[in-house]
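In what follows, a single structure is set out as structure tokens and then discussed.
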Amino acid sequence: NNTMAQGSLLFGTLLRVCFALGIACWPAVAYAEQPSASFVSALSEVTVKSKLRGEAHLSLAEIEKMPATDVHASFHSMHGEKPATYTGPLLWDVLAKAQAYDPAKPGSRVGIVVKVIGRDGYTIALALAEIDPEFEGKRVILAYRKDGQRLPKQELRLIVPGDKRGARSVRNVATIVVE
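Written as structure tokens, this is what we have:
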């Protein structure tokens, strides 16, 4: 009987300690789930790096003020075809705003590569001439809306229309490097 009482007392004490720790940890967990304003701001900013200008930072607000283009894209996925309408400025215009290429020298843009990097490190490459209106002029956009709805977490997504697979559709774009 005495052993049983001690076990019950020990179990009760252990339960109270766990409960107390759970209560003590709850504010930290709740706080961790709420991103700070500066964190959200950093997530909705794109850094454009180029040899011509160096580094430029464009906020989501600046990008949303640029002329927007709607692009209808449909990507094959493991779950079938995924059609959607994306809205955002042309990548070409974003690079122009960041002064990432020389508008006076179209011939110099032919050998330039544009790397787009997501916050998770996922990286794709495009030829600058692929999006240059004086060459192919593909309507690649930096989308902030999908089917009229804001993309989650104020992220920006690269949309490359005409691609059969969405492998160059970078989510949560963080950095664009023009080299």
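The sequence shown begins at 7 in the working numbering and counts up by one.
From the three backbone atoms N, C-alpha and C, an ideal C-beta is built for every residue, glycine too.
By the Cβ criterion, the region 91-104 is in contact with the region 139-155, since at least three pairs of Cβ atoms, one from each stretch, lie closer than 8 Å. For Lys55, the CB contacts under 6 Å within the same chain, skipping 5 residues up- and downstream, are Glu61, Val183 in chain order. Pairing Val119 with Val176 gives a Cβ-Cβ distance that is not under 7 Å.
Counted as a single uninterrupted DSSP element, the stretch harbouring Lys111 is not any alpha helix (DSSP H), since DSSP gives it neither H nor E.
By the beta-carbon neighbour count (other beta carbons within 10 angstroms, threshold 16), Gly124 is buried. Between Val179 and Val52, the C-beta spacing is below 7 Å.
Contact between Tyr128 and Leu58 is ruled out by a C-beta separation of about 25 Å, above the 8 Å threshold. Asp138 sits away from Arg171, with the two beta carbons spaced by 7 Å or more.
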